[in-house]
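The listed protein sequences correspond, in order, to chains X and C.
Residue numbers are given in UniProt numbering: position 46 of the first sequence equals residue 46, and the series is strictly consecutive.
Residue numbers are given in UniProt numbering: position 81 of the second sequence equals residue 81, and the series is strictly consecutive.
For every residue, glycine included, the Cβ atom is placed at its ideal position computed from N, Cα and C.
Structure, as structure tokens:
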Amino acid sequence: MAFRGGRGRGRGRGGSFEFRMAKHEPFIPFPEDVKLPDVSKIENFSNEEKVLINWKIKFERFWKTSCYYLEDSKRQDAEIEQYAEKLKRKGQQPQHFGTYMKLNVSNFPAELIQGGKRGHDSKRLRWDTKRDEFSLFDKLEEKEKDGDGKDNSVKEKKDGDEEEEEDLENEEAESSEDDYAQNEYFDDDEDDFNRDDDPVEDYYD
Amino acid sequence: MVGQQGVRYTISLIATHFGDVVAVCECLIRRGSLSFMEVVRFTELHKGQVKDCLLVLIQHNCVQAFSIPKTVGMGGATKPVTLYMAIFDNIIHRMRFSKFLQIVKEHLGNQCAELLEGFLQHGRLTFELLYDRASGLSGGKAKRDDVLATFNKLVHAHYLERCPKGDPFLETDANDEVSFVRKRTRVSID
């Protein structure tokens, strides 16, 4: 969005860059009277300009998906579980920006790094986000290949499992004593849902 | 002096790059240098959130912290207080990162541009992290000496510089303190 507002129309750029010399122009984030340039004009961009645009988009995409992009916790609460699950499925843990920083007193003010002892661990650093995406597909492919080879062995395993299940059922039948006698899982009329003293209460800090 | 349009443009840039960090950045740009507790009070965010925002902004050189002596109590005893200042020019430079990359690529070659890309993405990196990144991206092929040579090229050409101290202490006398306060009020009026 900053790209369109700043570069596309030239607004804001003149105002902020060389602000001691240039005339101030109002910066409108979402201008309504936008006259889009001809497509032919875009096609006629020089290679140099195309490379610049490409890099700019690449940078913005990096920051947006990086750990430096912070979101409001209220908004995050609703989406965080979904996102965390998505990452878990991918086999990744959501990263904290502290993993890329040297959080010590010579680099940052002491009051900001108190309490957070998060040293950087080179194993946890991910420099190439693109490669991670592809590595996921590679793993899936490998799994599929392995899956074909293992089909026969899986069938054999299944037979074994059925036998084990039968054994378990037999064991359960043998234990004829009820829950009360075992002193476990019996209903003692305690109100499980309304306990008076919860030792650890969840709270949002 | 920063014009109102410039301020709005800066805020829009930070919002695009770092999301909700912008609340803290906007507060610092509009109100001038503030202490941590003042930022918490003005933005009405949790302390933890403000800490995270300031760390990200310092990491990307958009904010610089410094401490000045402040008189505490009646006895005239002074105590250092850390203040945070948004660096307007550095934020505006974020728009030109792709141009910087292109210039370095033309002057010093692809290898230097790749290293610089890491700095532009992460703001501040130690050499260890830089080497870690280079070897990670090349699949472990990058040699330490090569990375060091490329890094030195960038330093000698003044494209890179050492990070400032995290919390430099500024000695001020009474007159300086008055002028500092004046400057702060002037910025907030704009």
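Buried/exposed call for residue i, threshold 16 Cβ in 10 Å
i	result
Arg-133/C	buried
Ala-173/X	With a pLDDT of only 49 at Ala-173/X, under 50, the local geometry of the prediction cannot be trusted, and no value is derived from it.
Ile-57/X	exposed
Asp-167/C	buried
Asp-145/C	exposed
Ser-98/C	buried
Lys-102/X	buried
Thr-185/C	Reliability of the predicted coordinates at Thr-185/C is poor, the pLDDT of 40 falling under 50, and the value obtained from them is presented with this limitation in mind. The residue is exposed, with fewer than 16 neighbouring Cβ atoms inside 10 Å.
Gln-4/C	exposed
Ile-42/X	exposed
Pro-109/X	buried
Phe-27/X	buried
Ala-23/C	buried
Glu-144/X	exposed
Asn-107/X	buried
Ala-142/C	buried
Glu-142/X	exposed
Min CB distance residue i to chain C below 8 angstroms
i	result
Asn-47/X	no
Glu-59/X	Checking the sequence, you will find Phe at residue 59/X rather than Glu. Answer yes: the Cβ-Cβ gap between Phe-59/X and chain C drops below 8 angstroms somewhere.
Pro-31/X	no
Glu-71/X	yes
Val-105/X	yes
Lys-56/X	yes
Glu-25/X	yes
Glu-141/X	no
Lys-102/X	yes
residue 236/X	Only positions 1 to 205 of chain X appear in the structure, and residue 236/X is not among them; the question remains open.
Glu-111/X	yes
Interface flag, residue i vs chain X, CB-CB below 8 angstroms
i	result
Ile-58/C	yes
Leu-115/C	no
Tyr-9/C	yes
Gly-3/C	yes
Cys-62/C	no
Lys-126/C	Note on residue identity: the sequence assigns Thr, not Lys, to residue 126/C. Yes, its Cβ sits closer than 8 angstroms to a Cβ of chain X.
Ser-98/C	yes
Leu-28/C	no
His-107/C	no
Arg-41/C	no
Val-72/C	no
Phe-151/C	no
Ser-33/C	no
Leu-55/C	yes
Cys-112/C	no
Asp-52/C	yes
His-122/C	yes
First and last residue of the uninterrupted alpha helix (DSSP H) at residue i
i	result
Tyr-9/C	4–18
Ile-28/X	Premise fails: Ile-28/X is in no alpha helix (DSSP H) and is neither H nor E.
Val-51/X	47–65
Leu-83/C	Careful: Leu-83/C lies outside any alpha helix (DSSP H), inside the beta strand (DSSP E) at 77–86.
Phe-36/C	36–43
Arg-30/C	22–31
Ala-134/C	127–137
Gly-48/C	47–59
Glu-114/C	110–122
Leu-154/C	144–156
Within chain B, partners of residue i - CB distance below 7 angstroms
i	result
Val-51/X	This model lacks chain B altogether, as its protein chains are X and C.
Where the beta strand (DSSP E) through residue i begins and ends
i	result
Ser-67/C	63–72
beta-carbon residue i near the ligand FMN non-hydrogen atom, thresh 7 angstroms
i	result
Ile-42/X	What this structure holds is no ligand at all, so the ligand FMN is not there to describe.
| task | Determine, using beta-carbon pairs with one atom in the stretch 78–91 of chain C and one in the stretch 47–56 of chain X, whether at least three such pairs fall under 8 angstroms. | result | no
| message | Assess contact between the stretch 23–40 of chain C and the stretch 50–67 of chain C, defined as three or more Cβ pairs (one per stretch) separated by less than 8 angstroms. Is contact present? | response | yes
| Is the number of C-beta pairs between the stretch 60–78 of chain C and the stretch 14–33 of chain C that are closer than 8 angstroms three or more? | yes
| message | Would the stretch 150–161 of chain C count as touching the stretch 112–123 of chain C if we require 3 or more Cβ pairs under 8 angstroms? | response | yes
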